[in-house]
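So this is what it looks like as structure tokens:
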């Protein structure tokens, strides 16, 4: 039996938003673009998200919510869905990781893991 989480491929691209950040006030804004690819043979719907955001001081916050950017998209087999979002941190460096709860066409729910990725203001990492 195929592990359904293996059929979902998640790619992340991040960027620092200098125009919205105020480093002198410990305000660092990052955008992230997510592409979710369904490599399975059946459609899957994204039901909810779970993020763990860790700042450079090791403080974590968890975010859970329905769908992404106000949507619960159905991603057909051999298709993909992309969206952009962002987060505010109090340090110049941090990371995010998490998962999407998905539902296959047969009603089975499964978790699609999102591997940890870095958020860093340019020049903050040496």
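Residue numbers (our numbering): 43 to 168.
Beta carbons are placed, not taken as given, at the ideal position from N, Cα and C, and that holds for glycine.
If you're wondering where the values come from, they're calculated on a predicted model, not measured in any experiment.
1) Quick one: Cα of residue 91 to Cα of residue 141, how far?
2) When DSSP labels each residue in this structure, what does residue 48 get in the three-state scheme?
3) When the Cα atoms are used, what is the spatial distance from residue 88 to residue 79?
4) Can you check DSSP and say which residues form a bridge with residue 131?
5) Where does residue 155 sit, in a helix, a strand or coil, going by DSSP?
6) Can residue 157 and residue 86 be called in contact, C-beta distance under 9 Å?
7) With DSSP run on the structure shown, which of helix, strand or coil describes residue 86?
8) Could you give the first and the last residue of the continuous beta strand (DSSP E) run that contains residue 149?
9) Just confirm the distance between the C-beta atoms of residue 94 and residue 138, as a whole number of angstroms; I'd bet it's less than 8 Å.
Based on what the coordinates show:
1) Counted from its first residue, the chain shown places residue 91 at position 49. Counted from its first residue, the chain shown places residue 141 at position 99. Rounded to whole angstroms, residue 91 to residue 141 spans 6 Å at the Cα level.
2) As a first step, residue 48 is located in the chain shown; it is residue number 6 there, counting from the start. Reduced to three states, the DSSP call for residue 48 is helix.
3) One-based indexing of the chain shown puts residue 88 at position 46. One-based indexing of the chain shown puts residue 79 at position 37. Their backbone Cα atoms lie some 11 Å apart in a straight line.
4) Reading the chain shown from its first residue, position 89 is the one you call residue 131. Answer by DSSP bridge pairing, in chain order: 70.
5) The residue you call residue 155 lines up with position 113 of the chain shown. Of the three classes helix, strand and coil, the one that applies to residue 155 here is strand, per DSSP.
6) On the chain shown, residue 157 is found 115 positions in, with the first residue counted as 1. On the chain shown, residue 86 is found 44 positions in, with the first residue counted as 1. Result no, Cβ atoms of residue 157 and residue 86 do not sit closer than 9 Å.
7) As a position in the chain shown, residue 86 is number 44, starting the count at 1. DSSP places residue 86 in strand when its eight states are reduced to three.
8) As a first step, residue 149 must be located in the chain shown, where it is residue number 107. Per DSSP, residue 149 belongs to no beta strand (DSSP E) and is neither H nor E.
9) Taking the first residue of the chain shown as position 1, residue 94 is located at position 52. Taking the first residue of the chain shown as position 1, residue 138 is located at position 96. Between residue 138 and residue 94 the Cβ distance is about 7 Å, and since that is below 8 Å, they are a contact.
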